[in-house]
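These notes concern the structure reproduced below.
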Amino acid sequence: MEWRAFFCRSLGPKGPSENGTRGPDRGVFVAYTYDLHPEIGILLIRNAGDTWTGEDILASAGAVVSDEQMEPGLDWVYDLRTVQEAIIGVEDMECILERFSTYRAEGRVASSSASVIVRTEDVNLHFTPTLYKHRAGRPEELFEVVQTLEAARQYLGIQTADWNAALTD
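Position 5, counted from 1, in the sequence shown is what numbering that gives the first Met the number 0 calls 4; the numbers after and before it change by one each time, with no gaps.
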């Protein structure tokens, strides 16, 4: 198993900050790791920060679909168990929907690919799942929010032994 790490600099309304501290007018460095698991049909994106934004989703998706080893039919699993705060506005959601629509049209993401968000119980995703399901125009069963990786495995119908073998290599 090979983890790929990438970093994106999220820009506040006034541009990048000098020190990368958090705030409404400061940029924030956000780190991700992702791993492709074609043997079980998933890609796993882990957010290493405590905040998750629309820009974060777009940055991680851009890196993943640009990876030459990415297979369009993989299901997307977002491991957000370290996230304490989700900040995804309506405009962010519109950008996300447009970007993924483009990826599907270009054949970079299959229209049958599911998205599963793994989050802790105390993280409020606000209206993100509802808005996504309503606006995406895709079957609701292709988007789910769960609280454990085990629940994600079950939702995707992956055998326990296969899942464990892939994620522990």
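C-beta: ideal position from N, C-alpha, C; glycine also.
Residue i, buried or exposed, once every other Cβ within 10 Å from all chains shown has been counted against 16
i	result
S59	buried
V29	Residue confidence for V29 is low, a pLDDT of 48 falling below 50, so the modelled location carries little weight; the figure read from the coordinates is stated next. Result: buried.
D172	Because the chain in this structure spans residues 0 to 168, residue 172 falls outside the shown range and cannot be described.
N46	buried
T52	buried
V63	buried
V27	Low local confidence applies: a pLDDT of 44 at V27 is under 50, so the model's placement there is unreliable, and no value is given.
Close Cβ partners of residue i (< 7 Å) along its chain, the five nearest in sequence each way excluded
i	result
Y154	V115, E143 and V145
P37	E70 and L73
A164	none
Residue i vs residue j beta-carbon contact at 7 Å
i	j	result
L148	V108	no
I41	L73	yes
G106	P71	yes
S111	R103	no
L130	A113	no
Rounded separation between residue i and residue j - CA only
i	j	result
G61	I86	19 Å
I39	W75	12 Å
I56	I95	7 Å
A151	R98	24 Å
A135	S100	9 Å
L166	E67	21 Å
Own chain partners of residue i with C-beta closer than 8 Å, once the 5 adjacent residues on each side are dropped
i	result
T127	A85, I87 and M92
D49	T81, V82, Q83 and E84
D161	E38 and I39
Backbone secondary structure at residue i - three-state DSSP
i	result
V63	helix
A85	strand
R45	strand
E149	helix
I157	coil
T101	helix
T32	strand
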